[in-house]
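**Q** Structure in structure tokens, see below.
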Amino acid sequence: MPYYLRMNADSQGGRPPLDEDQAALVVEVFRMLADATRVQVLWALVGQELSVNDLAGCVGKPAASVSQHLAKLRMARLVRTRRSGTTIFYSLENEHIRQLVLDAVYNAEHAGPGVPAHHQGAAGVRELARHRRAEAGA
């Protein structure tokens, strides 16, 4: 039995390695997340759709720059578009992207001092309980 499977034999089934095409797609997703402006754009889109001008205001960058980032995010299938008249609205492509962005931001919040923002308030208390349950099960 290969070493990577023996290491996970006692865990919940272990995972076979990704094929090269899948791994390349994962790398592309992480490459898109390796830019602060793109992360800010994706964060702004969590739970809503916005136009380029609205996104530019959210991230504090010129609309032309945001538009270029959106083109890359769209090619990587992280965002999708919807046209209404002459305005194009952007949203996250799917629930997996939303969860990826949330998890990345929440993980970064845990690296900072104090109580992470997502653990503050009533919703945060529920989120903290969910995190603790997940950590206990890991």
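Each residue of the sequence shown is one higher than the one before, starting from 1 at the first, in UniProt numbering.
Cβ coordinates follow ideal geometry from the N, Cα and C atoms, glycine included.
#1: Could you give the DSSP three-state label for Asn8: helix, strand or coil?
#2: From what residue to what residue does the alpha helix (DSSP H) around Leu92 run?
#3: For Val39 versus Leu45, is the C-beta distance shorter than 8 angstroms?
#4: I'd like to confirm something about Glu95: is its beta-carbon nearer than 7 angstroms to some heavy atom of the ligand NAP, or not?
#5: Does DSSP put Leu18 in a helix, a strand or coil?
#6: Measuring straight from C-alpha to C-alpha, what distance separates Ile88 and Thr37?
#7: Grab the span of the beta strand (DSSP E) containing Val79 for me, first residue to last.
#8: Going along the chain, which residues of its own chain have a beta-carbon closer than 8 angstroms to the beta-carbon of Gly47, five neighbours each way excluded?
#9: What separation, rounded to the nearest whole angstrom, lies between the Cα atoms of Leu18 and Val26?
#10: How many Å lie between Thr81 and Leu102 at the Cα?
#11: Just to confirm my understanding: we take Asn53, look at its own chain, exclude 5 residues before and 5 after, and list those with CB closer than 8 angstroms. What are they?
#12: Using beta-carbon positions only, say whether Leu78 and Leu50 come within less than 8 angstroms of one another.
**A** Per the coordinate set shown:
#1: Residue placement at Asn8 is poorly supported in this model, since its pLDDT is 49, which falls under 50; the coordinates still yield a value, given next. Three-state DSSP puts Asn8 in coil, outside helix and strand.
#2: Element bounds for Leu92: not the alpha helix (DSSP H) but the beta strand (DSSP E), 87 to 92.
#3: no
#4: The model depicted lacks the ligand NAP and carries no ligand whatsoever.
#5: Reduced to three states, the DSSP call for Leu18 is coil.
#6: In a straight line, the C-alpha of Ile88 is about 19 angstroms away from that of Thr37.
#7: For Val79, the uninterrupted beta strand (DSSP E) segment begins and ends at 79 to 84.
#8: Arg98
#9: 10 angstroms
#10: Distance between the alpha carbons of Thr81 and Leu102 is about 20 angstroms.
#11: Ala63
#12: Taking 8 angstroms as the Cβ cut-off, Leu78 and Leu50 do not qualify as a contacting pair.
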